[in-house]
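S.K.: My structure is below; once you've seen it, I'll send some questions.
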Amino acid sequence: DGFPSFAGSNGGWARTEYGEYYATSVPVYSAIRLRADALSRAPAIVYRTTPSGDRVRVERDHPAQRILERVNRWYTSSDLWRATEIYLNLWGSAFWAIERDEQGQPEIWPLRPDRVTIVPDRRQYIRGFVYNGRNGQVAYTPDEIVWFRYFNPLEEYAGLSPIAPVRMSADMAKDSLRFNRNFLRNSAQPDFVLLTNENMTDSEIEEFYRRWEARFQGPDKAHRPAVASFIRDIKTLGISHREMDFIQGLRWSLEEVSRTYGVPKPLLSDLERATFSNVNAAERFFWRNTMVPEMRFMADQVTRNLFPALGYTGLELEFDLTAIEALSEDESTRVSREVQLLDRGVLTINEVRRSRNLTDVPWGDDPASNVSRRGRKS
Numbered sequence: 125d126g127f128p129s130f131a132g133s134n135g136g137w138a139r140t141e142y143g144e145y146y147a148t149s150v151p152v153y154s155a156i157r158l159r160a161d162a163l164s165r166a167p168a169i170v171y172r173t174t175p176s177g178d179r180v181r182v183e184r185d186h187p188a189q190r191i192l193e194r195v196n197r198w199y200t201s202s203d204l205w206r207a208t209e210i211y212l213n214l215w216g217s218a219f220w221a222i223e224r225d226e227q228g229q230p231e232i233w234p235l236r237p238d239r240v241t242i243v244p245d246r247r248q249y250i251r252g253f254v255y256n257g258r259n260g261q262v263a264y265t266p267d268e269i270v271w272f273r274y275f276n277p278l279e280e281y282a283g284l285s286p287i288a289p290v291r292m293s294a295d296m297a298k299d300s301l302r303f304n305r306n307f308l309r310n311s312a313q314p315d316f317v318l319l320t321n322e323n324m325t326d327s328e329i330e331e332f333y334r335r336w337e338a339r340f341q342g343p344d345k346a347h348r349p350a351v352a353s354f355i356r357d358i359k360t361l362g363i364s365h366r367e368m369d370f371i372q373g374l375r376w377s378l379e380e381v382s383r384t385y386g387v388p389k390p391l392l393s394d395l396e397r398a399t400f401s402n403v404n405a406a407e408r409f410f411w412r413n414t415m416v417p418e419m420r421f422m423a424d425q426v427t428r429n430l431f432p433a434l435g436y437t438g439l440e441l442e443f444d445l446t447a448i449e450a451l452s453e454d455e456s457t458r459v460s461r462e463v464q465l466l467d468r469g470v471l472t473i474n475e476v477r478r479s480r481n482l483t484d485v486p487w488g489d490d491p492a493s494n495v496s497r498r499g500r501k502s
């Protein structure tokens with residue numbers, strides 16, 4: 125029967141056509157897929173805090189860890205994170221629906237943002253969500269949805285899609301490619317024009333074309349000499365600078381997409397000026413400035429909304445970045461800096477441990493030099 129009493133809100137920010145850019149724009153597809161693949165590379169680890177204040181990893185069979193690894197019958201963990209990142213980058217929002225299987229076990233189902241309607245509430249902010257799927261409408265309570273969104277200063281009930289500011293540049297690239305394709309396909313402009321000494325009738329022109337094609341058409345007849353006494357001159361036609369602007373348009377579109385999604389151009393296969401050094405620098409920039417903040421943003425949403433909805437408190441999600449090569453050099457630099465600060469007495473061992481979310485040790489408040497001397501005496 126539907127939900128006629130539900131008056132939803134999204135302010136038109138989750139347009140279906142935003143999703144079409146993933147299938148029609150090469151720069152948009154490349155940037156979003158790179159981000160989605162990067163997000164799926166880092167394992168999502170669930171931690172709990174012990175009564176003593178220690179932060180330890182939960183067991184692999186813990187329900188909170190298990191649901192992130194075995195999302196549902198059809199989705200793997202990698203599928204879930206890829207879908208979430210793709211939805212966020214296309215519509216500025218991503219929704220996880222928490223449902224139960226036939227055995228009553230919780231499952232996570234990512235929902236298409238352009239099919240989700242948010243139902244506002246005067247007191248509770250959100251009364252619920254309605255998903256308009258292929259099989260009809262499905263209503264969800266706020267506790268059954270985990271909502272990821274990029275902050276939108278123009279609409280409080282919608283995320284801000286990165287496509288919104290970049291779509292004009294993406295459209296310009298598509299229009300340029302479409303023009304170039306049609307130009308080559310239709311060959312609307314001839315390669316040259318023959319200028320004659322006298323006017324020719326239609327029948328004479330057709331007869332000339334027939335003889336010309338019979339003598340020169342086909343690869344085996346290329347470069348044959350031609351003689352025509354009535355031809356005064358041959359004018360070669362080229363492509364104007366304005367028609368060649370599509371090349372600059374493609375480059376500009378790539379640069380705009382690169383800025384919008386935080387993906388350096390060398391990682392989008394723009395290798396014209398790429399070197400081994402600046403590609404490595406681009407990878408480090410991408411991870412430090414784009415993916416690490418994105419992962420923290422997602423981990424905070426899962427910690428705050430998913431775990432309490434499943435009935436688990438005191439849990440925290442964190443992505444394990446130790447296997448990411450682009451960040452390993454930063455870790456080495458950090459360790460070297462910490463050792464120098466310890467040796468100079470600027471920091472204590474416990475201060476360093478706290479910065480890494482480790483518990484204090486009884487001897488960690490003294491300068492490292494004192495600890496070292498006590499160790500030698502013992």
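Residue 125 is where the sequence shown starts when you use the working numbering, and the numbers rise one by one after that. Glycine included, C-beta positions come from ideal geometry on N, C-alpha and C. If you're wondering where the values come from, they're calculated on a predicted model, not measured in any experiment.
Take every Cβ of the segment 170-188, pair it with every Cβ of the segment 325-345, and state whether three or more of those distances are shorter than 8 angstroms.
M.R.: Not touching, per the Cβ criterion.
S.K.: Determine the burial state of residue 419: buried for a count of at least 16 other Cβ atoms within 10 Å of its Cβ, exposed for fewer.
M.R.: Residue 419 comes out buried.
S.K.: With 16 other CB atoms within 10 Å as the buried threshold, where does residue 144 fall?
M.R.: Flag for residue 144 reads exposed.
S.K.: Could you give the C-beta distance for residue 163 and residue 209, rounded to a whole number, given that I count them as a contact under 8 angstroms?
M.R.: 5 angstroms between Cβ atoms; contact.
S.K.: Would you identify the three-state DSSP class for residue 233, choosing helix, strand or coil?
M.R.: Three-state result, residue 233: strand.
S.K.: Can you give me the start and stop residues for the beta strand (DSSP E) that residue 482 sits inside?
M.R.: Here residue 482 belongs to no beta strand (DSSP E), and DSSP marks it neither H nor E.
S.K.: Pick helix, strand or coil for residue 226, following the three-state DSSP scheme.
M.R.: Note: residue 226 maps to coil in three-state DSSP.
S.K.: Please name the residue, chosen from 355, 260, 464 and 421, that lies closest to residue 168 on a Cα-to-Cα basis.
M.R.: The candidate whose alpha carbon is nearest that of residue 168 is 421.
S.K.: Could you check what DSSP says for residue 192 in three-state terms: helix, strand or coil?
M.R.: Note: residue 192 maps to helix in three-state DSSP.
S.K.: Counting pairs of Cβ atoms below 8 angstroms between the segment 289-302 and the segment 222-236, do you hit three or more?
M.R.: Segments in contact, no.
S.K.: Once the 5 residues before and after residue 484 are set aside, which same chain residues still bring their CB inside 6 angstroms of it?
M.R.: Correct list, in chain order: 474.
S.K.: I believe residue 357 touches residue 378 by the beta-carbon criterion, under 8 angstroms. Please report the beta-carbon distance rounded to the nearest angstrom.
M.R.: About 42 angstroms separates the two Cβ atoms, so there is no contact after all.
S.K.: DSSP three-state label for residue 319, please.
M.R.: It is a strand residue.
S.K.: Between the beta-carbon of residue 262 and the beta-carbon of residue 252, is there less than 8 angstroms?
M.R.: No. Outside cutoff.
S.K.: Could you give the first and the last residue of the continuous beta strand (DSSP E) run that contains residue 271?
M.R.: It spans 269-273 - the beta strand (DSSP E) in which residue 271 sits, taken as one unbroken run.
S.K.: Between 469, 150, 232 and 288, which has its C-alpha nearest residue 300's C-alpha?
M.R.: Of the listed residues, the one whose Cα sits closest to residue 300 is 150.
S.K.: So the beta strand (DSSP E) residue 404 belongs to, where does it begin and stop?
M.R.: Per DSSP, residue 404 belongs to no beta strand (DSSP E); it is in the alpha helix (DSSP H), 400-410.
S.K.: Measure the Cβ-Cβ separation of residue 182 and residue 232 and say whether it is below 8 angstroms.
M.R.: No, these two residues do not count as a Cβ contact at 8 angstroms.
S.K.: Which of the three DSSP states, helix, strand or coil, is assigned to residue 456?
M.R.: Three-state DSSP puts residue 456 in a helix.
S.K.: On the three-state DSSP scale, how would you describe residue 429?
M.R.: Helix at residue 429.
S.K.: Just to confirm, is the Cβ distance from residue 385 to residue 159 under 8 angstroms?
M.R.: Closer than 8 angstroms, so yes.
S.K.: Can you grab the Cα-Cα spacing for the pair residue 139 / residue 214, in whole Å?
M.R.: Computed Cα separation, rounded: 9 angstroms.
S.K.: Looking at residue 451 and residue 423, is the spacing between their C-beta atoms short of 8 angstroms?
M.R.: Result no, Cβ atoms of residue 423 and residue 451 do not sit closer than 8 angstroms.
S.K.: Give me the residue from 434, 222, 337 and 391 with the minimum Cα distance to residue 152.
M.R.: That would be 391, whose Cα lies nearest to the Cα of residue 152.
S.K.: Spatial neighbours of residue 429 within its chain, please: CB distance less than 6 angstroms, with the 5 preceding and 5 following residues excluded, ordered by chain position.
M.R.: 270.
S.K.: With residue 272 and residue 217 assumed to form a contact (beta carbons below 8 angstroms), what rounded beta-carbon distance in angstroms separates them?
M.R.: Their Cβ separation, rounded to whole angstroms, is 7 angstroms, which keeps residue 272 and residue 217 in contact under 8 angstroms.
S.K.: Is residue 211 buried or exposed, if buried means 16 or more other CB atoms sit within 10 Å of its CB?
M.R.: Per the 10 Å Cβ criterion, buried.
S.K.: Relative to the alpha-carbon of residue 372, which residue among 344, 460, 481 and 298 has its alpha-carbon at the smallest distance?
M.R.: Answer by Cα proximity: 298.
S.K.: Out of curiosity, what's the CA-to-CA distance linking residue 337 and residue 408?
M.R.: One C-alpha to the other measures close to 59 angstroms.
S.K.: How big is the Cα-Cα spacing for residue 446 and residue 199?
M.R.: Distance between the alpha carbons of residue 446 and residue 199 is about 25 angstroms.
S.K.: Decide if residue 470 is buried, meaning its Cβ has at least 16 other Cβ atoms within 10 Å, or exposed.
M.R.: It counts as exposed.
S.K.: Provide the residue span of the beta strand (DSSP E) that contains residue 263, from first to last.
M.R.: Looking at the DSSP string, the run of the beta strand (DSSP E) that includes residue 263 is 260-264.
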